[in-house]
Amino acid sequence: MPYEVTGVVARAKGEPVSLETVVVPDPGPGEVVVDVQACGVCHTDLHYREGGIGDDFPYLLGHEAAGVVSALGEGVTSVAEGDFVVLNWRAVCGQCRACRRGRPWYCFATHNARQPMTLADGTVLSNALGIGAFQAKTLVAAGQCTKVDPEAPATAAGLLGCGVMAGFGAAVHTGGVRLGDTVAVIGCGGVGSAAVAGAALVGARTVIAVDRDPRKLEWAKGFGATHTVDASQADTVEAIKELTGGFGADVVIDAVGRPETYEQAFYARDLAGTVVLVGVPTPDMRLELPLLDVFGRGGALKSSWYGDCLPDRDFPVLVDLYRQGRFDLDGFVTETIGLGDVEAAFDRMHSGDVLRSVVVL
């Protein structure tokens, strides 16, 4: 029979979130119910609340989550009841042209659970990134569940579900950072710090963290940045060039997603270098660059979707690296909070006081 749980809901654009009774249906074919143990408060949740992603209110927030599978729908064989899983928002279809060409991380037909979750009065909820995990139970497609080592705490493992994976993958998968490369990361919140950590893990010899907030630069050093640039005090492009022998970095990652930071990334890379955009711009933003410069500087301009990750491939590996002490997921957890503290966590996010607040259920 359906479950009733308390969830965090954004009812209208810009209004504070509220705690509401949410009805979670029994899983149908290809679906599972997951008992959520922890869920990170991601900037994407705030975007939903502010109407920056769409206007399909009310939204059921929360998506950076880990927990235990508690019920299976018909035909589910990829996970079993009792499995400890990290949730992801890009369950690949296996059938689209990207999947058939052996590039499932680009899947053009990712999917979520078919059944909706609702408020007690029957109002259909829009789930943040197809998950909706600021509640004790949630309904997802089986393909959104990746089994990982249950010895990892949910507070750490759940962060792989979005921000940490996006940043790590932007460096390692999209940017292709290799041993000996020089790397610069513009914007060192959760995603940018994960890009710093990824670049350091694979052996970049120089990792430059750029931000306007000295606290974030200190955090970035903890994740492996070899140099920092305070963008409020120095010219970002010139500072990166000075730290790379005058040439610019091999890979520059824009984790902010604004025209001015993208332009900085473009001109701060070496000839034939790579720019990776992983920060999410708003629909109104426009970019203007001299086409001759685009041609003359060569290299690659890339966008990173979810760090070009494949959850079944990447999540278990990163959890193993965490368990071995080689990838500091705990370092991203600034505080643990309850469901009723999400709105206050948004305020702390705005002021730059946290990398991640994590809701513990």
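In this text, residue positions in the sequence shown follow full-length UniProt numbering: the first is 1, and each later residue adds one.
Each residue gets a CB set at the ideal place from its N, CA and C atoms; glycine is no exception.
No experiment lies behind these values; they were computed from the predicted model shown.
In terms of alpha-carbon separation, which member of 224, 201, 202 lies closest to residue 209? 224
Burial state of residue 1, where buried means 16 or more other Cβ atoms lie within 10 Å: exposed
Within a Cβ cutoff of 6 Å, which residues of the same chain sit near residue 67, ignoring the five residues on either side of it in sequence? 34, 35, 36, 37
Which of helix, strand or coil does DSSP assign to residue 91? strand
Let me know the secondary structure DSSP gives residue 77 once reduced to three states. coil
Kindly identify the DSSP beta-bridge partner or partners of residue 145. 87
Would you say the region 265-281 touches the region 297-307, given that touching needs at least three Cβ pairs under 8 Å? yes
Figure out for me which residue from 116, 243, 93, 30 has the closest Cα to the Cα of residue 59. 116
Distance between beta carbons of residue 111 and residue 91, contact taken as under 8 Å: 5 Å
Starting from the C-beta of residue 85, find all residues in its chain whose C-beta is less than 8 Å away, skip the five residues before and the five after it, and write them out in chain order. 34, 66, 67, 68, 69, 79, 145, 146, 147, 148
Can you find at least 3 beta carbon pairs, one from the region 308-317 and one from the region 96-111, that sit closer than 8 Å? yes
Quick one: which unbroken beta strand (DSSP E) runs of 3-plus residues sit fully inside the region 123-173? Chain order, please. 137-141, 145-147
Going by C-alpha distance, which of 168, 173, 128, 180 is nearest residue 196? 168
Alpha carbon to alpha carbon, what distance is there between residue 120 and residue 170? 40 Å
Mind checking whether residue 19 and residue 5 have CB atoms under 8 Å apart? no
Taking DSSP's pairing of strands, which residues face residue 44 in a bridge? None, per the DSSP bridge assignment.
Host alpha helix (DSSP H) of residue 296 (start-end): 291-297
Could you tell me the boundaries of the beta strand (DSSP E) in which residue 253 lies? 249-254
How do the region 45-54 and the region 150-161 stand: do at least 3 beta-carbon pairs fall below 8 Å, yes or no? no
I need the DSSP call for residue 279, collapsed to helix, strand or coil. coil
What are the start and end residues of each continuous beta strand (DSSP E) run of 3 or more residues lying completely inside the region 204-234, in chain order? 206-211, 227-230
For residue 241 and residue 98, the rounded distance between their alpha carbons: 37 Å
Going along the chain, which residues of its own chain have a beta-carbon closer than 7 Å to the beta-carbon of residue 348, five neighbours each way excluded? 354, 357
Boundaries of the alpha helix (DSSP H) in which residue 322 is found, first to last residue: 311-323
Same chain, Cβ closer than 8 Å to residue 271, five either side skipped, listed in chain order: 247, 248, 297, 298, 299
Beta strand (DSSP E) containing residue 334: first to last residue? Premise fails: residue 334 is in no beta strand (DSSP E) and is neither H nor E.
Helix, strand or coil: which one does DSSP assign to residue 55? coil
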